[in-house]
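Encoded as structure tokens, the structure appears first; notes follow it.
In our numbering, the protein residues as written are 236 to 335.
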């Protein structure tokens, strides 16, 4: 996880592939995983990615909108990784049992 100071963020935009792009930062990190705006329109939904980008842009431009608590240390690992191995074992066992 990358911590990015608010002072480095100019604005946040939702890219066509569903990632949030932090514009104004030196390396332009990417974050989030949202449905692209075209997919949201196709499904007739309001875009969560666009709302997140607008909210983050507002927070970057106005310090009063930012959370008051300081961020802790970066989270490590992945929530998916702890479930990936048991899921893989279960799928392998099911495939072996079906193909007997």
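Ideal placement from N, C-alpha and C gives every residue a C-beta, glycine not left out.
Predicted model only: the values in this text are computed from it and were never measured.
Burial state of residue i (16 or more Cβ within 10 Å)
| i | result |
| --- | --- |
| residue 282 | buried |
| residue 319 | exposed |
| residue 330 | exposed |
| residue 249 | buried |
| residue 279 | exposed |
Proximity to residue i [Cα-Cα], best of the options
| i | options | result |
| --- | --- | --- |
| residue 252 | 240, 274, 258, 241 | 274 |
| residue 243 | 255, 295, 321 | 295 |
| residue 272 | 239, 258, 288 | 288 |
Cross-strand partners of residue i (DSSP beta bridge)
| i | result |
| --- | --- |
| residue 266 | 255 |
| residue 248 | 256 |
(message) My parser needs the alpha helix (DSSP H) runs of 4 or more residues fully inside the region 277-311; what are they?
(response) 283-296
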